[in-house]
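Residue numbers (this note's numbering): 37 to 157. Every residue gets a Cβ at the ideal spot worked out from N, C-alpha and C, and that includes glycine. The structure displayed is predicted, hence computed values, not measured ones.
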């Protein structure tokens, strides 16, 4: 029996995979539990359309992220901090401050958890 998986199942496959299983396993377990559907022509056509839509959405998301990354890389971002007599900074510059500075300068909201500071500032 040929089925299309609706969810990932260990040792069988991932979502939207077309798999072959024994008739009893498909009819008595996978289909009634909503884990799979029969892979007939209409369901395969729906699956291919859904995959095309997912690819299109992923491409748009990638393009938006790439544009945002380019805009952030081109921007000069500065964060003000108090400095002592010896030009040493009091405290440190945090990812929260950097995320706010990115938002103020570029208009792009960045999750503070996604801002990684590689070197101590």
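query, result
"Within a Cβ cutoff of 6 Å, which residues of the same chain sit near residue 135, ignoring the five residues on either side of it in sequence?", "146, 148, 151"
"Within 10 angstroms of its Cβ, does residue 39 collect 16 or more other Cβ (buried), or is it exposed?", "buried"
"Applying the 10 Å Cβ sphere with the 16-neighbour rule, what's the burial state of residue 117?", "exposed"
"Between the segment 71-79 and the segment 98-111, do three or more beta carbon pairs fall short of 8 Å?", "no"
"Mapping DSSP to helix, strand and coil, what is residue 88?", "helix"
"How is the beta strand (DSSP E) around residue 41 delimited, first residue to last?", "38-41"
"Is the closest heavy atom of the ligand NAP to the C-beta of residue 50 under 7 Å?", "In the structure shown, the ligand NAP is absent, as is every other ligand, since no ligand is present at all."
"Quick check on residue 75: does DSSP put it in helix, strand or coil?", "coil"
"Cα separation between residue 83 and residue 54?", "10 Å"
"Would you identify the three-state DSSP class for residue 100, choosing helix, strand or coil?", "helix"
"Quick one: using the 10 Å Cβ neighbour count with 16 as the cut-off for buried, is residue 138 buried or exposed?", "buried"
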